[in-house]
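Participant: My questions all concern the structure below.
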Amino acid sequence: MINVYKTYKSKILNVEKEGSDSKTFTLSLPYKGFSFEPGQYVMASIPGLGEAIFGVASAMNDKKSIQITVRKVGTLTSELHNKKKGDIIGIRGPYGRAYPIDLAKGKNVLLVAGGIGIPPLRPIILDAIKNPKKYKKVSIFYGCRDESLLNYIKEYSRWKKVCDLNITLDNPTTKKYPKGVVTTLFDQQNIPADASAFMCGPPIMYKFVIQKLIEKGLKPENIYASLERHMDCGQGVCQHCAIGHYYVCKDGPVFSYAELMNFKSWLSPI
Amino acid sequence: MTKNKFQQFVKFLLNNNLVIAPQYNVEGYLHLAELKNVKDLYLGTELPMDSWKWYFLPPEQKMFDYYGQNFKESLPKIKSQILLGVSILDLQALTLLNQVFEKDTYYQEIKKKTIVIGTSLVPKENFYKYFAKFEEDKLEHLQFDIFLAVQKGDYKIYTGSEDGQRLLDKFGYKNYQHIEYAGSIREEGLDQQMLVIKDGMQNYHNQKIWDDLGKRCMQCGKCTIACPVCFCFRMFDQANLERDSGSRNRCWDSCFYNEFTQVAGPAPTAPKHRLMTITSQKIYFWYEHHFVRTPASFSLPGCVGCGRCTRTCPADIDIFQTQRDILKAKQRKK
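In the order they appear, the protein sequences are chains A and B. Here the first sequence stands for residues 1 to 270, numbered as in the working numbering. Here the second sequence stands for residues 1001 to 1334, numbered as in the working numbering.
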């Protein structure tokens, strides 16, 4: 029997700084045949410190490596930030349900990210760049605390060729990006009602963004949010990530609003 | 099997086997412990304080040893064990655990080496109505190796696995009936009591029940330890004293503890973001696991009505009263 908790060795091929507190790690594939879909996550581990989950941020069909972007917030992420090119870390996964990008084929796509919520959406952006005709129009709405925290800044010129990139900041220091939360952008832009929205960010963002998107005529089954929870096993057993009758690790992390709206405890417990 | 013959059977089991069975300890509590002497064995309607999960899911378990970056699987080092006198309620609990941990290497390794001997004895006051009366056709939906149906003056013997048959054959007893496990779902469909309470929790939410419980519960987590179907666990690494080696382990966790839903930390500067912060949320989560999530994921009741949580609760929270309250709230709203 395969031991589902077994972690596989993965070599750090490259480390790149993203803004002031994050780093993108390019990792060798943990095992032969590793593949993932956008929105899925892996469990990264450092012996002695344990495991934590990270959304895979690289292009879907990369046969040689995967990327994760890590913000330094706790013990494990701090140690990850100390790792250098050539070091080994543990990876198991990928786990979870992905964003249903096939449903969005030929349609308008809204990608809404808050802060460190951008990495799991990056595979969709890279997919749109690779296949420009796959989606009708891809609009990115990215809200961040301040300019120094923006991720993937070097790629924006490439993104802009295919996508419509909109950034807002809570505390702008220059006039480059406007001040405000992401929802303010929805009033300035024409949001097509037939669009599929894929979101990743803090719960408070979901609350307001969903409200706005419903106002704009989007259907609940076309709005998808990725939830963050404490996860230990990744198998839907250990109960840490449970919400209602779902397990975020197995049934999620991506849920449609149609699934979430039926019970009270998804944004915060009862 | 006559009572006399059964005594001989237990003696036969004690010969060369580790037998775990309910026994009264010196303080007068019924506990599970290694059986040394046939006369210590308690076979009756009272349920032991602790549940049988201790012997399938040890409170702490090593999963891997690591040396540098290399992880090596560390399987539980147990010899074969015989669990004797498992009430039919607890068999229902084990049947659920077997499903939950179906793909779990560690659980399955222990299961392989364990013989479960069940009994039809249940407490006189039992909230789970299905098992209030023992009937033979209920056995095919439970997982066990040997089963003792208590009749007037003797036991009727059933076997549920080849291991059980082999053991009886070795003892020299042939008069048993074999029951083939037919899956956990019964012919008549899902358990009605389970469905009614699940519907009550999901569709007739009454916040007052949970606010009241939140005021009484002191988050000690004893119910989660006592419960035979509470199986939450947490994984953690333990470093050895020598550099670059240690183990990855798991231990029981409790949804009543503060760190249960913490998503960042515990570095002093890290934001401690916790999803469940107040008691009523935690106790709701606990009930939600047993009465909503388990039925939804496994189509099996997440509570077997053993009442261990009620017995152990220092705040006297009665799970059966809470179930009645859920049903009352449902009736009122209908």
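Don't be surprised by glycine CBs; every beta carbon is placed ideally from N, CA and C. The model shown is predicted, which means the values in this text are computed figures rather than measured ones.
A/Q189 by DSSP, collapsed to three states: which one?
Facilitator: Look at A/Q189 here: in three-state DSSP terms it is coil, with no helix or strand label.
Participant: Kindly indicate if chain B contains any beta-carbon less than 8 Å away from that of A/T7.
Facilitator: yes
Participant: Between A/I270 and chain B, is there a C-beta pair that is closer than 8 Å?
Facilitator: Only weak support is given to the placement of A/I270: the predicted model assigns it a pLDDT of 48, under 50, and the question is left unresolved by the model.
Participant: Excluding sequence positions up to five away, which residues of its chain have a Cβ less than 8 Å from the Cβ of B/F1298?
Facilitator: L1096, Q1099, V1100, S1184
Participant: If the cut is a Cβ gap below 8 Å, which residues of chain B does A/A242 touch?
Facilitator: Chain B residues near A/A242: F1285, E1288, H1289, R1293.
Participant: Between A/I214 and chain B, is the shortest Cβ-Cβ distance under 8 Å, so that the two count as touching?
Facilitator: no
Participant: Per DSSP, what kind of secondary structure is B/H1273 in: helix, strand or coil?
Facilitator: coil
Participant: So which residues on chain A does B/A1239 lean against when the C-beta distance must stay under 7 Å?
Facilitator: Correct list: G48.
Participant: Any idea if B/S1247 is buried or exposed, counting beta-carbon neighbours within 10 angstroms, 16 or more meaning buried?
Facilitator: buried
Participant: Compare the C-beta of B/Q1023 with all C-beta atoms of chain A and state if any pair is closer than 8 Å.
Facilitator: no
Participant: Could you tell me which chain A residues have their CB closer than 8 Å to the CB of B/G1214, listed as they occur along the chain?
Facilitator: Within chain A, no residue comes near B/G1214; the closest Cβ sits about 10 Å away, beyond 8 Å.
Participant: Using DSSP's beta-bridge definition, name the partner residues of A/Q67.
Facilitator: A/T26
Participant: For B/P1022, which of helix, strand or coil comes out of DSSP?
Facilitator: strand
Participant: Out of B/K1333, B/G1305, B/G1028, B/D1253, state which residue places its alpha-carbon closest to the alpha-carbon of B/K1124.
Facilitator: B/G1305
Participant: Use the C-beta contact count for A/N166: other C-beta atoms within 10 angstroms, 16 or more gives buried, fewer gives exposed.
Facilitator: buried
Participant: By DSSP, does B/R1248 sit in helix, in strand, or in coil?
Facilitator: strand
Participant: Between B/F1144 and the rest of its own chain, which residues show a CB-CB distance below 6 Å, the 5 nearest in sequence each way excluded?
Facilitator: L1091, V1116, G1118, G1160
Participant: Taking C-beta pairs closer than 8 Å, name the residues in chain A that B/R1234 reaches, listed in chain order.
Facilitator: D232, C238, H240
Participant: Is A/I88 close to chain B, meaning its C-beta is less than 8 Å from at least one C-beta of that chain?
Facilitator: yes
Participant: Below 7 Å on C-beta distance, what does B/V1229 contact in chain A?
Facilitator: In chain order: nothing, as chain A lies at least about 11 Å away.
Participant: How about A/P253 and A/G48: are their beta carbons less than 8 Å apart?
Facilitator: no
Participant: Whose C-alpha, out of A/T77, A/S22, A/A59, is nearest the C-alpha of A/S45?
Facilitator: A/T77
Participant: Rounding to the nearest angstrom, what Cα-Cα distance links B/K1112 and A/D170 in this structure?
Facilitator: 57 Å
Participant: Once DSSP output is grouped into helix, strand and coil, what is the label at A/P253?
Facilitator: If DSSP states are grouped into helix, strand and coil, A/P253 belongs with the strands.
Participant: When you compare the region 1131-1150 of chain B with the region 1306-1315 of chain B, are there three or more beta-carbon pairs, one atom per stretch, that lie closer than 8 Å?
Facilitator: no
Participant: Under the rule that 16 or more other beta-carbon atoms within 10 Å means buried, what is A/H245, buried or exposed?
Facilitator: buried
Participant: Pick out whichever of A/R92, A/E18, A/F34 has its Cα sitting closest to the Cα of A/G50.
Facilitator: A/R92
Participant: Measuring CA to CA, which of B/Q1219, B/F1147, B/Q1193 is closest to B/Q1177?
Facilitator: B/F1147
Participant: Would you please verify whether the beta carbon of A/H81 is less than 8 Å from any beta carbon of chain B?
Facilitator: no
Participant: Would you mind working out which of A/K6, A/T7, A/K63, A/R71 sits nearest A/D21, comparing C-alpha positions?
Facilitator: A/R71
Participant: Taking only beta-carbon atoms, is A/R122 less than 8 Å away from chain B?
Facilitator: False, the Cβ-Cβ gap to chain B never drops below 8 Å.
Participant: What are the uninterrupted segments assigned as beta strand (DSSP E) that are 3 or more residues long and contained completely in the region 1032-1079 of chain B, given in chain order?
Facilitator: 1060-1067, 1070-1073
Participant: Using beta carbons (cut-off 8 Å, strictly below), is B/L1275 in contact with chain A?
Facilitator: yes
Participant: Where do the ends of the beta strand (DSSP E) carrying A/F141 lie?
Facilitator: 138-144
Participant: Kindly list, in the order they appear in chain B, the residues whose Cβ is closer than 9 Å to that of A/R229.
Facilitator: Using a Cβ-Cβ cut-off of 9 Å, A/R229 is close to T1261, V1263, L1275 of chain B, given in chain order.
Participant: Using only the alpha-carbon positions, how far apart do B/L1190 and B/A1296 sit?
Facilitator: If you take the alpha carbons of B/L1190 and B/A1296, they lie about 11 Å apart.
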